[in-house]
Amino acid sequence: MPQPSQAFIRGTVFLSVAAFINRILGFISGMFVARVLGAEGIGLLMMAHPLVPLVITITELGLPVAISKLVAEADARGDRVKIRRILHVSLFVTGFLSVTLTTFSLLGSEWIASVLLSDERAYYAMLAITPIAPIVAVSAVLKGYFRGKQRMHAIAASDVLENTVQIACVLALVHVLLPYGVAYAAAGAMAASVVSESFSLLFLLASYKLHGEVKLPGETWAAHLRKGRSTLFELLRIGLPTTGNGVVHSLYGAFQPLLITTSLAAAGIGTDMATKQFGMIAGYAFPLLFMPSFITQSLSTALIPAISEAAANKNSLLMHERMEQALRLGLIIGAPATVILYVWAAPLTTIIYDAPEAGLLLKILAPMFFLHYFDAPLHAILLGLGRANATLWNYVIATAFKVAAIYILGSHFGIVGIAFALGLSIVLIALLNFYSISGSIGFYWDIRPYVTVFFAMIVMVFCGQGAIRYFDGLSLSMLWKTVGSIGFSMLAYFAALSLTKAWSRKSRKIYT
Numbered sequence: 142m143p144q145p146s147q148a149f150i151r152g153t154v155f156l157s158v159a160a161f162i163n164r165i166l167g168f169i170s171g172m173f174v175a176r177v178l179g180a181e182g183i184g185l186l187m188m189a190h191p192l193v194p195l196v197i198t199i200t201e202l203g204l205p206v207a208i209s210k211l212v213a214e215a216d217a218r219g220d221r222v223k224i225r226r227i228l229h230v231s232l233f234v235t236g237f238l239s240v241t242l243t244t245f246s247l248l249g250s251e252w253i254a255s256v257l258l259s260d261e262r263a264y265y266a267m268l269a270i271t272p273i274a275p276i277v278a279v280s281a282v283l284k285g286y287f288r289g290k291q292r293m294h295a296i297a298a299s300d301v302l303e304n305t306v307q308i309a310c311v312l313a314l315v316h317v318l319l320p321y322g323v324a325y326a327a328a329g330a331m332a333a334s335v336v337s338e339s340f341s342l343l344f345l346l347a348s349y350k351l352h353g354e355v356k357l358p359g360e361t362w363a364a365h366l367r368k369g370r371s372t373l374f375e376l377l378r379i380g381l382p383t384t385g386n387g388v389v390h391s392l393y394g395a396f397q398p399l400l401i402t403t404s405l406a407a408a409g410i411g412t413d414m415a416t417k418q419f420g421m422i423a424g425y426a427f428p429l430l431f432m433p434s435f436i437t438q439s440l441s442t443a444l445i446p447a448i449s450e451a452a453a454n455k456n457s458l459l460m461h462e463r464m465e466q467a468l469r470l471g472l473i474i475g476a477p478a479t480v481i482l483y484v485w486a487a488p489l490t491t492i493i494y495d496a497p498e499a500g501l502l503l504k505i506l507a508p509m510f511f512l513h514y515f516d517a518p519l520h521a522i523l524l525g526l527g528r529a530n531a532t533l534w535n536y537v538i539a540t541a542f543k544v545a546a547i548y549i550l551g552s553h554f555g556i557v558g559i560a561f562a563l564g565l566s567i568v569l570i571a572l573l574n575f576y577s578i579s580g581s582i583g584f585y586w587d588i589r590p591y592v593t594v595f596f597a598m599i600v601m602v603f604c605g606q607g608a609i610r611y612f613d614g615l616s617l618s619m620l621w622k623t624v625g626s627i628g629f630s631m632l633a634y635f636a637a638l639s640l641t642k643a644w645s646r647k648s649r650k651i652y653t
């Protein structure tokens, strides 16, 4: 069995590599869909999607996190019966809830569409994505099992397969349905997600059949369910506190399209234009902003058990060491990403989406989004410390602020005001999580790396702007001008970091 530190590093590497591949594949798929459907079609997709996360959150009940924890504990004891009981109870609960809620969603789809969707054309896309909930719910249970068994490679492979199949299905379905109208093409893109999730689930089931727990003599579903009440209570005790965060997130996501289009309407913008502008910010700007965060997200998945173990052993030094590693990684990734997305905002949205008007929204969001690259590790640290309630209340406060800011700023300044509202909410949630950790265990703070990176960012900006002026004088396409200037600025960034030698110094342990 690998040592905890080895499992932490190996799990992070597996998930990071898979996440990188998935981001590239997802980005290719998103770029194709955005170019074919345009901002209006992307707006329809974004309006139709939020209902599904709400259904999935309710059906999962936070069980994937609980499953991974309980499976790991049972595996350490060699209790194979307990592991299979956890799986049987979890699959029964999530399967029953997901099928029930999906059935109600399908039967009440017209009423839901009339309440949530500000553009009736999004109805077909909403209908196409609804059947995905039971598939995702069962996959989440199996992924929780594999996390508990430290088999991250199975999860990584299933995610890559899912994204590969999705690209193929998107290309086919959007091409076939586009002649019937943008609403049907958007529904085809949603249906592609259902197909790809199905392939991912089949792979997870096959992996479990090959490497899962061996069925013991006399073992039945009925026996596990009859004796599974205590197991269910254990699962819910761990899972329910994390469900509240997901429910708030999903509820907000379900009403966000209506909130944004309503605030834009108050600013005098019509439905079609509001749908297009919503598509620009949700379908163009945010995918670019989230692109660099795959490493911090993967790290956060492995960070929760690492912090939990250190907290259980009362090893304060190890806790702060893990925190420092995570935050430094967020710093070194977020800094150049922020500069690139700010300085090259218009060229990027033009090259990738053929939508230069989305560049302004990206430029507004990029500086505020810098703190998002720290938020995933901060959130994971709080969960590892057992402060799930703090993460929930921090998110509730930030979401309430975001709702008020979107309506107030959006109704006065249009889509630009909405961009500022979304960015400010990201800043607020990161600061609240930072405050919660600092109040709980103190916070390690060595300011030297941050000063060094800030200096490197300034060097990167000036070198990047100089490179832009140089390449503008050459007879090159926008693509090569952008690639060349970004590449030169990145070299300048890493050269500045190397010259300061801050990363090679041993940090003094300072706690606040």
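Numbering (our numbering), first residue to last: 142 to 653.
Each residue gets a CB set at the ideal place from its N, CA and C atoms; glycine is no exception.
Nearest-angstrom Cβ-Cβ length linking V212 and K290, presumed shorter than 8 Å: With a Cβ gap of about 6 Å, V212 and K290 count as contacting.
Residue environment, W485, which counts as buried when at least 16 other CB atoms sit within 10 Å: W485 comes out buried.
Unbroken stretches of the alpha helix (DSSP H), 4 residues or longer, contained in the segment 256-281: Entirely contained in the segment 256-281, the alpha helix (DSSP H) runs reaching 4 residues are, in chain order, 264-270.
Closest Cα partner of S439 within the set S337, D516, L342 and A406: Ranking S337, D516, L342 and A406 by Cα distance to S439 puts D516 first.
Cutoff 6 Å; reference P661; Cβ partners in own chain excluding five residues on either side: This structure does not reach residue 661, given that the chain is present from 142 up to 653, and the question cannot be answered.
Buried or exposed by the 16-neighbour rule on C-beta atoms within 10 Å, applied to Q606: Flag for Q606 reads exposed.
Inter-residue spacing [alpha-carbon to alpha-carbon] between L482 and P433: In a straight line, the C-alpha of L482 is about 10 Å away from that of P433.
Contact under 9 Å by Cβ, I162 with N304: Going by C-beta atoms, I162 is nearer than 9 Å to N304.
Per-residue DSSP class, three states only, for N574: Taken through DSSP and simplified to helix, strand or coil, N574 comes out as helix.
Collapsed DSSP secondary structure at L232 in the structure displayed: Helix, per DSSP.
Given I609 as reference, the closest of I627, V594, T593 and F595 once Cα atoms are compared: Nearest option by C-alpha distance: I627.
Proximity of M464 and P518 at Cβ, strictly below 9 Å: Yes, these two residues count as a Cβ contact at 9 Å.
Burial state of T241, where buried means 16 or more other Cβ atoms lie within 10 Å: Burial is judged here by how many other beta carbons sit within 10 angstroms of a residue's own beta carbon; T241 has fewer than 16 and is exposed.
Straight-line gap, L572 to V336 (C-alpha atoms, nearest Å): Approximately 39 Å between the Cα atoms of the pair.
Per-residue burial, F561 [other beta carbons within 10 Å of its own, 16 or more giving buried]: With 16 or more other Cβ atoms within 10 Å, it is buried.
8 Å contact criterion, which L430 and F510 should meet: CB distance rounded: Confirmed, about 5 Å.
Short Cβ contact (9 Å threshold) for A83 with I270: This structure cannot settle anything about residue 83, because the visible part of the chain is limited to 142 through 653.
Proximity below 9 Å, CB of L523 to CB of N574: Closer than 9 Å, so yes.
Reference V158; option with closest CA among A297, I505, Q307 and A633: Nearest option by C-alpha distance: A297.
Contact the segment 467-475 vs the segment 386-404: 3+ CB pairs below 8 Å: No, because fewer than three Cβ pairs between the segment 467-475 and the segment 386-404 fall closer than 8 Å, the two stretches do not touch.
Simplified DSSP assignment, three categories, for Y652: The pLDDT assigned to Y652 is 39, lower than 50, so where the model puts this residue is not dependable, and the model offers no usable value.
Inter-residue spacing [alpha-carbon to alpha-carbon] between Y634 and F155: If you draw a straight line from the Cα of Y634 to the Cα of F155, it comes to about 27 Å.
Beta-carbon spacing of T235, V196 below 9 Å: Judged by their CB atoms, T235 and V196 are not nearer to each other than the 9 Å cut-off.
W485, DSSP secondary structure in three states: In the three-state reduction of the DSSP assignment, W485 falls in the coil class, being assigned neither a helical nor a strand state.
Start-to-end residues for the alpha helix (DSSP H) that takes in P428: It spans F427 to F431 - the alpha helix (DSSP H) in which P428 sits, taken as one unbroken run.
For L444 and G387, believed in contact at Cβ under 8 Å, the rounded distance: The pair is not a contact, with the Cβ atoms about 19 Å apart (cut-off 8 Å).
Between the CA atoms of V315 and L377 - distance to the nearest angstrom: Distance between the alpha carbons of L377 and V315 is about 41 Å.
Pair within 9 Å by beta-carbon distance, L204 and V282: Between L204 and V282, the C-beta gap is smaller than 9 Å, which places the two residues in contact.
A478 to S371 span [Cα, whole Å]: Each residue's alpha carbon lies about 47 Å from the other.
With 16 other Cβ atoms within 10 Å as the buried cut-off, status of L553: In the sequence as displayed, the identity of residue 553 is His instead of Leu. Around the Cβ of H553, a 10 Å sphere holds fewer than 16 other Cβ atoms; the residue is exposed.
Per-residue DSSP class, three states only, for N304: In this structure, N304 counts as helix in the three-state DSSP scheme.
Span of the alpha helix (DSSP H) around A327: Residues V323 to H352.
Alpha-carbon spacing of P488 relative to I582, whole angstroms: Each residue's Cα considered, the two are about 44 Å apart.
Short Cβ contact (9 Å threshold) for P398 with M187: Taking 9 Å as the Cβ cut-off, P398 and M187 qualify as a contacting pair.
Cβ pair V193, I308 closer than 9 Å: The Cβ atoms of V193 and I308 do not sit closer than 9 Å to each other.
Local Cβ density within 10 Å of G322, reported as buried at 16 or more and exposed below that: Exposure of G322 is indicated by the presence of fewer than 16 other C-beta atoms within 10 angstroms of its C-beta.
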